[in-house]
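Note sheet for the following structure.
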Amino acid sequence: MGWEEEYVRETPMVELAYRLLVGLSQHEPMPFEEIAARVLAQKGYAPDDVARMAQLYTSLNVDGRFVHVGGGQWGLRDWYPFDKYEELIPTFEEEDELEEDLLEAEEEDLLPLGLDEEGGEVVLEDLEKDLLAEEPLDEELPLPEEEDGEFEGEEETP
1 MGWEEEYVRE
11 TPMVELAYRL
21 LVGLSQHEPM
31 PFEEIAARVL
41 AQKGYAPDDV
51 ARMAQLYTSL
61 NVDGRFVHVG
71 GGQWGLRDWY
81 PFDKYEELIP
91 TFEEEDELEE
101 DLLEAEEEDL
111 LPLGLDEEGG
121 EVVLEDLEKD
131 LLAEEPLDEE
141 LPLPEEEDGE
151 FEGEEETP
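31 is the number that UniProt numbering gives to position 31 of the sequence shown; each next residue is one higher, with no gaps.
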């Protein structure tokens with residue numbers, strides 16, 4: 001076994017992935033599937049070794065040298081200044097539109113204090129009467145009677 005083979009055998013997969021991306025002539029992100037295929041082939045592992053692919057994926061996530069730029073693409077953090085990195089994160093316009101629709105619906109449901117649905121004034125005394133006319137939510141329960149400073153059913157402690 002030559003020193004190169006031994007080096008590859010002893011080198012962690014995440015380090016091989018780093019060297020792969022560093023060696024690219026252009027700083028373009030690479031799909032994880034391609035990174036995994038190349039690293040697994042270098043190590044002599046089966047291309048469909050799911051456990052090792054999962055291990056590599058976890059290592060990329062944890063290692064601060066790598067950055068996920070969306071769409072399954074990975075690059076090196078050194079390639080992206082911080083402000084450019086934020087631009088690469090995909091925005092979810094559909095989610096934003098849905099949130100705006102929800103906020104508009106909530107605003108429509110809110111009525112200004114003291115106005116009813118038709119815009120007429122509500123007299124607080126009328127509201128109080130309406131609330132009092134409704135059935136109580138809880139029925140009133142009788143309080144236990146006291147005997148010599150103790151409640152019924154309570155035993156004396158020595």
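Glycine included, C-beta positions come from ideal geometry on N, C-alpha and C.
| Item | Value |
| --- | --- |
| Can you tell me the Cβ-Cβ gap for glycine 75 and histidine 27, rounded? I've got them flagged as a contact below 8 Å. | 7 Å |
| Could you tell me which whole alpha helix (DSSP H) segments of length 4 or greater appear in the segment 22–100? | 32–43, 50–62, 82–88 |
| If you reduce the DSSP assignment to three classes, tell me which class leucine 103 lands in. | helix |
| Is the segment 5–14 touching the segment 29–46, taking contact as three or more C-beta pairs under 8 Å? | yes |
| Do isoleucine 35 and leucine 20 have their CB atoms nearer than 8 Å? | yes |
| Tell me which residues share the same chain as tyrosine 45 and place their Cβ nearer than 8 Å to its Cβ, disregarding the 5 neighbours each side in the sequence. | Arg52 |
| Return yes when the Cβ of valine 67 is within less than 8 Å of the Cβ of tyrosine 57, no when it is not. | no |
| What do you get for proline 29, buried or exposed, if any count of 16 or more other CB atoms within 10 angstroms of its CB means buried? | buried |
| So, using beta-carbon positions, are proline 47 and glutamine 73 closer together than 8 Å? | no |
| Would leucine 60 be called buried (16 or more neighbouring beta carbons within 10 Å of its own) or exposed? | buried |
| So what does DSSP say about leucine 143, is it helix, strand or coil? | coil |
| If we count the other Cβ atoms within 10 Å of its Cβ and call it buried at 16 or more, is valine 22 buried or exposed? | exposed |
| Which residue's Cα is closest to the Cα of leucine 65: Tyr18, Glu97, Trp3, Glu33? | The sequence as given places arginine at residue 65; leucine does not occur at that position. Selected option, being the one with the closest Cα: Tyr18. |
| Given this structure, state the Cα-to-Cα distance separating tyrosine 7 from glutamate 33, to the nearest angstrom. | 23 Å |
| Kindly list the residues whose CB is nearer than 7 Å to the CB of arginine 77, restricted to its own chain and excluding five residues on each side of it in sequence; keep chain order. | Gly64, Arg65, Phe66, Val67 |
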